[in-house]
Each structure stands twice: as C-alpha cells, then as structure tokens.
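Numbering (the working numbering), first residue to last: 120 to 600.
To keep things clear, I will list the structure first and then write my remarks on it.
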Ligand code: N01
C-alpha cells in the first residue's frame, strides 16, 4: 500500500501533524516511532526536575487546552501525560507504528514516491513529514578518555533510574537548562557533587507556581478564561522580542535582575564571580531557576571551573592537574541540533543526503521545505526555534502551511518543492537579520552551526511567522506531475 503521508516521530510535532491531517480527512497516514511509547523529547527527558520553561497554557496545542495543569510551568511527567491524553482523545494510537526505527528515507524520482526504510520493513509514501525535532539526539561530551570511565555515564536525556545516586560521588558536566534543573534534585541525596562549568549561564528567578483548584475549575467550566490566559501569556512573551531582536542593549535590565538573584542566593563573592556570565543575556538560552544557586552553595557541592582535560577510570581530570574522583558521570551536554543525525538518512532527488546538502549550505523555505526534497516537510526545521516563546505556536504555524501544501500535492497527484530562488530569498532575509540580534552578540551556543551561522532561531515576532506560513504559495514552488 502506498501511504499518503509518513510522519517520522510521535512527539508534539508528529502528533500535531497527525491530528491536523485527520481533521483534513487525509487518509493513509502512519506515524513511525522508534521507541515503544510516544512523546518524543518529553518521553526521553525523564531526568529529575525536568520542566518546561514556557507556561503550560501556552506550551500546549491551541486546539487541545488542558484545564488540569497542576503548575503554571509543568514538569515533564505531566507534559508527557498531556501528550498521551491528546493521542487518546484524537484516537491516534492505531496510526503509530512503535519500535520502527527509521534508517533511511529516499526519494525515487521515477515514480515520485518516498521509500521509508525502518527496522521492521519498508514503506512507500507520497509525502514525508519529519517530526523528529531538534532535541532528539543527545550529544555526549567529546572528551578524551570518555570510554575509560569505570562507572556509568548517563546523559540527562537518557536517564537511567536504576542507578541509585544516593550516597555516591557524582560529576555533572554542563550547566545549561537540563543541568540547572537536575542539580538541585540530586544534590541533597549524593555524597558529593562536582559541577563542571565551561561557561556560566544567566539565571532568572522562576515565576512558576501551583495552580489553585478554583482556577482549574474555572478553566474547565469556562474554556474562554483559559484562552484569555493563553493570549495574555502570548503577548507578554512577544514583547520580550524588543530586547532579543530589536535592541539587545535592552537586556541590561534583565541582567540586573539576574545579578540581584545571584547576589541574594550566593553569599560568597568568589563563587558569584565564577557564576557571572560575560556575554549578553539571551545570547545563550536564558535559564529560570530558584533552586540552582542554593544547590551550588551546599557543603557537598563544588563548582569546578577549570576545564576538563580527560576522563579517567576513577574520575574527571582538569587543567590544574586535579583528578575529581566520582562514581557516576552525568552528561548534561545538550543535543545534536544543527547537525541532527536524521539529516544523514534522508536522500533527495539527486541522491545526496540532507546532511551533505546542509554542509553545502542547503537553503530552506519557511523552515519547512528544501529544494531537491519534494513533498518532504520538516517540522521544527531551520530557524523555527525560539528564545522567547512557545515552540508549539511555531509548530501550529508550520502545520498550516504543510496542510495546505499537502492538500495541493495529493489532490493534484503532483510533487512540489520550493524553487531555489524562493529558498534563497527566505534564508537570506533571516541571515541578514540575525547578526543584529542578541544571538549575534558573540557567544558560543547550540543555535549556531559549525560555520557560526544561526540556523536555529526565528529572529522576529512569532505572529509574522504565522502570517507567512498561513498558506501554500504555488508561485514559490516547482511543480512536477
Ligand atoms: O543542553 P545545552 P541542555 N565540557 O546545550 C556544556 C531545551 N531544554 O540539555 O555553554 C564541558 O544548553 C555546555 O557548555 P558551554 C532548551 O531549549 C529545555 O541543558 O557550551 N562542558 C553547556 O553548559 C535547552 O536550551 C528545558 O560552554 C560541556 C552544557 O554542556 C536545550 O534543551 C529543559 C562540554 C550543554 O547545555 C538544551 O539544554 C531542558 C564539554 N565537552 C532542556 N560539552 C526547559 O524547558 C558541552 N558542555 C527548561
């Protein structure tokens, strides 16, 4: 059987795509999921303390509000439960092929079809939606000797709860979003914790709090009240863009708040200095936490700022020659974002992989389509991530475009791909804008690719992206019957 749409991944993006296709009455849609359960990054990131830093009323589908969020900023188990609930509500489970690890996706230009090879067989589809996300493949630190460590090394996104950390000596490598959430959770139970910081992060106070029972009842009885709350949260975040994009010097106000937060929570001036970033707030992801700094001032926690030279069987050696002995290493070292390994598996019309085309600076159209990859759509594609608001808003915008384009391609039995000119126009306009934003103020971050180009962030108001993805524009596409 030829599928109309093969969706790869069952996280927010894959489920959202399946729902929209179902509503548009597109049949023969299958979701391929490599794991035995759905949920994507919110299934995989089960480390203690994992939480979303965007308010739940905004970090959820607009068409599937959840009046039962227990916290204004939910923790991972509740977000995962939300996705399970959405899958049940929209009857999606039967469309998901679990334990189907996609190994290759190749286009056959003779028949205008994609072949999706999986660990459990091959499938043929008219179109493909890559919903594998930017934070899917954990990046272990490239440190000499990492294979020689005698104890377990676990990445935050592959948390092994069978490893009992109580009373052990633990090393955490990295001080990004995942680290600042998990460190306060494990610090009270371990014998000793060394936190290896390469670059300090800006940390702002967290505003999250439990949702009152009466608020939940209000949201359940009057969905409009929850919608208003969402709209309010949306616009509050859009205003932040004036600092992120229009005038990064405005970030000094937030930097003052962060410095005050640090001063209130860390009495030792030396430690404060080590924790103070030297780059503009916002250049790297801004972190929210009320318990990270208090964890660092505990007697059993040390911040190590000497760089790591190697990992040895008994621990982590730093440039000052000290061996920091430990029983377990936790790598909070992020993901393959700009070099997502999925790119190696997708072959376009010329046989070239998407990764190869990217290395040659493959340009994209609306963060969603690529010349040479017909009827293939990437959700959370290039320059669709955000530093200031909810990625779900961007996803739903992309889905408007994808649905419109797919309906055209399927009903006309045609293959479509953006013209090189249209892709160039789109990509160049973003690349012109990005250097003047806060992300271009000079720091290393996972937003930048190996050539230092920001291929991750959308540098404008999200409502502009919504307007530009509202509909499929045939004139920007090559259309082959
Ligand atoms: O990863 P990161 P993350 N030696 O890449 C350090 C989302 N997320 O998993 O800054 C020593 O931010 C690296 O140091 P440096 C969110 O979008 C969201 O924490 O490169 N250190 C850095 O400190 C987030 O931004 C939520 O100098 C090494 C850290 O490891 C994204 O996921 C929660 C090293 C990596 O930080 C990724 O966050 C969690 C080495 N060899 C995640 N290699 C929320 O919603 C790397 N580092 C809150």
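For each residue, glycine too, the CB sits at the ideal point set by N, CA and C.
Remember, predicted model here, so these are calculated numbers, not experimental data.
Candidates 222, 250, 247 and 406: closest to residue 239 by CA position: 222
Per-residue burial, residue 482 [other beta carbons within 10 Å of its own, 16 or more giving buried]: buried
Residue nearest to residue 268 in terms of C-alpha spacing, selected from 563, 431, 498 and 588: 431
Locate the alpha helix (DSSP H) running through residue 473, then write down its first and last residues. 473-478
Throw me the rounded Cβ distance for the residue 319 and residue 394 pair, which I believe falls under 8 Å. 5 Å
Just grab the DSSP bridge partners of residue 422 for me. 314
Out of 504, 484 and 496, state which residue places its alpha-carbon closest to the alpha-carbon of residue 609. This structure leaves residue 609 out entirely; the chain is present only between 120 and 600.
Express the C-alpha separation of residue 386 and residue 423 in angstroms, rounding to a whole number. 18 Å
Validate contact between the region 347-365 and the region 507-520 using beta carbons, cut 8 Å, 3 pairs: yes
Give a yes or no on contact between the region 192-203 and the region 156-168, applying the rule of three or more CB pairs nearer than 8 Å. yes
Where residue 248 falls, given that 16 or more other Cβ within 10 Å makes a residue buried: buried
DSSP-derived helix/strand/coil call for residue 546: helix
Within the chosen definition, does the region 376-390 reach the region 301-317 through at least 3 CB pairs nearer than 8 Å? no
Measuring only the C-alpha atoms, how far is residue 226 from residue 219? 19 Å
The alpha helix (DSSP H) with residue 301 in it runs from where to where? 296-305
Taking Cβ positions, are residue 299 and residue 175 nearer each other than 8 Å? no
Under a Cβ-count criterion, where at least 16 other Cβ atoms within 10 Å of its own Cβ denotes burial, should residue 466 be classed as buried or exposed? buried
Whole-angstrom distance between residue 591 and residue 533, CA atom to CA atom: 14 Å
Entirely enclosed beta strand (DSSP E) segments - the region 338-417, minimum 3 residues: none
Neighbourhood of residue 329 by C-beta, 7 Å cutoff - its chain only, sequence neighbours within 5 removed: 189 and 190
For residue 437 versus residue 427, is the C-beta distance shorter than 8 Å? yes
Please classify residue 572 as buried or exposed, where buried requires at least 16 neighbouring CB atoms within 10 angstroms. buried
On the DSSP bridge assignment, give the partners of residue 573 in chain order. 567
Through-space distance from residue 560 to residue 410, alpha-carbon basis: 28 Å
Taking the DSSP output, what are the residues bridged to residue 234? 225 and 243
Taking residue 519 as part of the alpha helix (DSSP H), name the residues at either end of that continuous run. 510-530
Going by the beta-carbon positions, is the gap between residue 450 and residue 302 smaller than 8 Å? no
Using a Cβ-Cβ cut-off of 7 Å (strictly less than) and excluding sequence neighbours within five positions of residue 399, which residues of its own chain qualify? 367, 370, 557 and 560
Using only the heavy atoms of ligand 1, determine whether one of them is closer than 7 Å to the beta carbon of residue 261. yes
In the structure shown, what three-state DSSP assignment does residue 160 receive? helix
Status (buried if at least 16 other CB within 10 Å, exposed otherwise) for residue 142: exposed
To the nearest angstrom, report how far apart residue 536 and residue 364 are at their CA atoms. 30 Å
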